[in-house]
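All remarks here apply to the structure that follows.
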Amino acid sequence: MQTIRDFGVHIAIDDFGTGYSSLAYLHKLPFDCLKIDRTFVDKLDKESLDTSIVAAIINMTKSMKVELVAEGVETQEQAQMLSDLCCPLGQGYLFSRPVAFEDWPTDLVNMK
-18 MQTIRDFGVH IAIDDFGTGY SSLAYLHKLP FDCLKIDRTF VDKLDKESLD TSIVAAIINM
42 TKSMKVELVA EGVETQEQAQ MLSDLCCPLG QGYLFSRPVA FEDWPTDLVN MK
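Its first residue numbered -18, the sequence shown is counted upward by one per residue in my numbering.
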């Protein structure tokens, strides 16, 4: 994986927290982005926001110098709670339905 990164390819750990993902990956694998699985975003509520799994993942990755993306953001309330937790990026139907690359607006194609 490091060889792939050396070629300039960015690597993301998708659906973090489910399936075969593990906390051990955070220290063993070279990656650029961690994507918090939507199942954790779905369970966010204001009463337990600070003790949520999402909050724990955000806090664990603060010093790792990786991008952090919350998947499955479907409501403004979820977006606000993620913002309150200082989650910098979100992905989901609140922002857009899936779009084929060739249909992206040209001003987004060259963004980093």
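Even glycine gets a Cβ: it sits at the ideal position worked out from N, Cα and C.
C-beta contact flag for residue i and residue j at 9 Å
i: I34; j: L49; result: no
i: I(-6); j: F21; result: no
i: K24; j: D(-4); result: no
Straight-line Cα distance separating residue j from residue i
i: R19; j: G53; result: 5 Å
i: C67; j: M41; result: 12 Å
i: R78; j: Q59; result: 17 Å
i: G73; j: T(-16); result: 31 Å
i: A5; j: K27; result: 29 Å
i: A95; j: L7; result: Summary: the structure shown does not reach residue 95, with the chain confined to residues -18 through 93, and so no result is reported for it.
i: A51; j: T87; result: 24 Å
Closest residue to residue i among the options (Cα-Cα distance)
i: I(-8); options: V47, A81, E58 and F76; result: V47
i: M45; options: L10, S77, F82 and D(-4); result: L10
i: Q61; options: G(-11), L30 and T(-1); result: L30
i: Q57; options: C14, V80 and F76; result: F76
i: S64; options: A36, E83, P86 and C14; result: A36
Where residue i falls, given that 16 or more other Cβ within 10 Å makes a residue buried
i: M(-18); result: exposed
i: G(-11); result: exposed
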